[in-house]
Amino acid sequence: MDCGFVAIGSQAVGTARSIQDILILNRTNAPAHDRILMSNRTSNSHKARHWHTPALAALVVAGFVASVIAYFCQPSILGFVDAQGQPVSRIVDFFQIFLIEQLFDSMTGNGRFETGLLERIPLFLGALSWLAIAWWLGRPLVHFALLGTSASQLEKSVLAVLSGLAVLSTATLLVGLSGGLGSRWPLIGLIAVMCLAAWAGSARANNASKLAMTDISNLTRLTANDSTAEWIQPTSSLAVWLLRLVPVLTACSCALYVLGCLMPPWEFDVVEYHLQAPKEFMQAGRIALNDHNVYANMPLAAEMHSLASMTMIGGTDGWWWGGIMGKAITGYHSLMAAFLLGGFMGRNYGQWCGWIAAGLMLAAPGNAHVAMAGLIDMVLATYLLAALIVLVLIWPKLQSGSSNFYSVLLVSQLAGMAAACKYTGLIFVCLPLLSSLFVCLIRSHQRAAIAKASLACLLGLCITCVPWYAKNVWQTGNPFFPLAHSLLGGTELTEAQAIQWQNAHRVPVPNGGSAFSLSTLVQSANQVLLKSSFLPPGLVFLSLVGLVSCRFRSRLPATGWTWGWCGLALWILAIWWLATHRIDRFWLPILPVACAMAALGAAWIAQRLSTGLAASFTLLPLLVGNFFSASGAMGDNRFFVSLHSLREDAGTEELPGRISPAIGWANQNLIEDGARILLIGEAKVFDFRAPIVYATCFNTNPAEGWLRGQSVEAQRANLRTAGITHVMVNWSEIARYRSVGNYGFSDWPQPEDIDALVQNGVLRPMPTPLESSQVAVLAVQP
């Protein structure tokens, strides 16, 4: 794998031997007339190499058609079933595209709710303001880190936002650990100080830019080579119009992402801990050890944006509105990843290649699902992509030992932020990228550069992931809590709970088979490449074409990076298969690599066969991906329904709601002053308005300590001391946890345990419209 990354430097800049050659690779550095001449020369070169045969064209078309047919033969993504209840094929999904009126009706809730968009505008502007602050904070570091590289302005801007978001996340963590979340002013004060420091850094950066302008202006007068030409050029009027549809559909995807990310949360993990943990921190006024939600003690760098939003908004409902704003910031990382990849591909292969790469990224249903749901897998993917691109940009300097302190600091900060979001970031990002960086430096035999890079790397990790692991050591004694419990321990889990956690998150073992057999490997490959609902049609085929074309295409520029990126993708897939429970969204960090290769595949088809054919192959996944994003298959698509209406949506007997009927009933009937609900079995708790006491299935529920095996007097005293007024038992969730192959749950309570509490006069059943066998609500007897 190191060899793959070493190849990045030597091939990424072609025959570059000096800083002049590197700068020439940037199209934006060449004057307009030079770019025109370069484009004309390249066009002639394309015509000279336009040697394709009908057999080659037929082979490519047949391959694409076969991949599309195989894709649409898989089970419906929209959930359609036949008369026997079996899923129908995705071709039925495809024909739903033509039901435009029904699609728009679903976006307004089919007339069941009040419509409204105005509520979303302040949240959208608040998210943009947070991103703008991040850009301001990250701009100086990105400027100094990428000085003398070929990075485009788009790439620099996105990298600045991501760098600044990492700083804001750590700042929120520090304020929370110090107990400063009871008011918005400590966080505002710290951000103001950092903005002033960034202003000073920006002034210094401007001075450095002026000093460098003379050298750059001299370099741009040189004749540019063919490495930055437009590699997808329309050869007919039809191709022109087809290519023009690519930016249009990409812009439509952006609009859908903006609207979808502003939807209230509904996904289990999001309402269980991605937003619930910040809610509890905000209400407590500090970030402390959580003894009832094991997930809240893991690295939560991405969730700090939600916590900051909740704190800034404040008030009784600040957790709700801040949660939506933070969820939007999390989801917008998918847009930033698309912009960053588009900028990288556009700089090296022309604007159309950039548009295709960005469009395919946004067209991936898995990307849309994760972004709109508020999950953080694409946050990890975005920081992985950012670190990769920066590594490609600075690789020539690393090889020569002339890299500056800031460039290594930026790589380590981006990689460290990935590890601060999820533990997998350590293995997916930090280990391979930072190892490659130091291997390259060691080969340069520059001891001073190695020492400087080591300090920069340490600093980058210390301002991102190290505080999270130090926090875990301080609070639990295990930096990777709750992982590695058998080696490092952890004060908050018993041995039985640690085993329960390990069993729930281990590699799945098929019935009567092995987790690592050849047959399971084939099944996993089939799951990822063919059956996955997370990929658009044709993406796998275009990616394979791009990979094959890189092997034989010597005249295209900067293809050396592809081998390092593909090696990293294989590394992530290997870890995904060997050490995770193999769900699709855990391999999503490789999506940018797949889309980059697919864009190269489209470029190869445009060069060798037909631009119109390449555009057609690209438009199909963009069209289907946009439809899935808008249809509700990837998340709640009621984009034009009032947020107030969605907040109360508990569904009907015919249609499920955003929240469960139990939560809806509790929010309507148990919000009086002094109400405090003890939840047993329920973990989707973000939407409860009244104060609650709960625990996940991996933690000991407080109810078990208060009620199990206690005398009647002790039971009453425990509930009274804790301020509990009501108890809600979710029997359906408890049964699900206890089912074979699920996470597991304590053997307490059983129905007879609750019946005994009623018979002894500790609890009193309350009349509710809920099915008592599913959810029981009981009042605490005075």
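Heads up: the sequence shown is residues 2 to 783, going by the working numbering. In this text, a Cβ means the ideal position worked out from N, Cα and C, and glycines have one as well.
Exposed or buried, what is V510 when buried is set at 16 or more other beta-carbons lying within 10 Å of its beta-carbon?
exposed
With DSSP as the reference, please indicate the residues paired to P750 in a beta bridge.
Answer by DSSP bridge pairing: none, since P750 is not bridged.
S515 by DSSP, collapsed to three states: which one?
coil
What did DSSP end up calling A780 once you bin it into helix, strand or coil?
strand
Which residues DSSP lists as bridging S90, in chain order:
P76
Starting from I678, follow the beta strand (DSSP E) in both directions and report where the run begins and ends.
I678 to I681
Could you tell me which whole beta strand (DSSP E) segments of length 3 or greater appear in the stretch 675 to 737?
678 to 681 and 727 to 731
Sub-8 Å separation of L438 and L399 beta-carbons
yes
Work out the CA separation of C441 and L26 for me, nearest whole Å.
At L26, the pLDDT of 30 sits below 50, so the modelled position is not reliable and the matter cannot be decided from this model.
How would you write the range of the alpha helix (DSSP H) that L764 sits in, first residue to last?
Element bounds for L764: not the alpha helix (DSSP H) but the beta strand (DSSP E), L764 to P766.
At what residues does the alpha helix (DSSP H) containing M379 begin and finish?
DSSP places M379 in the uninterrupted alpha helix (DSSP H) bounded by D378 to S401.
Decide if D94 is buried, meaning its Cβ has at least 16 other Cβ atoms within 10 Å, or exposed.
buried
Measuring straight from C-alpha to C-alpha, what distance separates F618 and Y258?
Our two residues, F618 and Y258, have alpha carbons roughly 23 Å apart in a direct line.
Per DSSP, what are the beta-bridge partners of V642 in this structure?
V642 pairs with T116.
F99 to L160 span [Cα, whole Å]
In a straight line, the C-alpha of F99 is about 39 Å away from that of L160.
Can you tell me where the alpha helix (DSSP H) holding C431 begins and where it ends?
Careful: C431 lies outside any alpha helix (DSSP H) and carries neither H nor E.
For V82, the three-state DSSP class (helix, strand or coil)
strand
Out of curiosity, what's the CA-to-CA distance linking S11 and P397?
A caution first: S11 carries a pLDDT of 37, below 50, which makes its placement in the model too unreliable to give a value.
Just the C-alpha distance for V89 and L148, rounded to the nearest angstrom, thanks.
54 Å
Let me know if F640 comes out buried or exposed under the rule of 16 or more other beta-carbons within 10 Å of its beta-carbon.
Label assigned to F640: buried.
S740 classed as buried or exposed, judged by whether at least 16 other C-beta atoms fall within 10 angstroms:
exposed
In three-state terms, what does DSSP make of G652?
strand
Assuming the contact rule is C-beta atoms closer than 8 Å, V247 and A374 should be a hit. Round their C-beta distance to whole Å, please.
The Cβ separation is near 26 Å, so there is no contact.
If you draw a straight line from the C-alpha of G165 to the C-alpha of D106, how long is it?
39 Å
DSSP three-state call for A454: helix, strand or coil?
helix
For P622, the three-state DSSP class (helix, strand or coil):
helix
Can you confirm whether F345, when its beta carbon is compared against all beta carbons of chain D, has any partner nearer than 8 Å?
In the structure shown, chain D cannot be found, because there is only a single protein chain.
Give the secondary structure of P657 by DSSP, where H, G and I count as helix, E and B as strand, and everything else as coil.
If DSSP states are grouped into helix, strand and coil, P657 belongs with the strands.
What number of angstroms, rounded off, separates the C-alpha of Q277 from the C-alpha of F687?
5 Å
Counting only runs that start and end within the stretch 480 to 555, where is the beta strand (DSSP E) found for 3 or more residues in a row?
none
What are the boundary residues of the alpha helix (DSSP H) that includes V247?
S238 to C262
What does the Cβ neighbour count give for H51, buried or exposed, with the cut at 16 atoms within 10 Å?
Any reading at H51 must be qualified, since the residue scores a pLDDT of 45, below 50, and its modelled position is unreliable; the value itself is stated next. Result: exposed.
Look up L191 in the DSSP assignment and say whether it is helix, strand or coil.
helix
Our contact map puts A603 next to I233 with C-beta atoms below 8 Å; I'd like the distance itself, whole angstroms only.
7 Å
Boundaries (first-last residue) of the alpha helix (DSSP H) holding F282:
Q277 to A285
S643 versus I70, R444, A364 and G110, residue with shortest Cα-Cα distance:
G110
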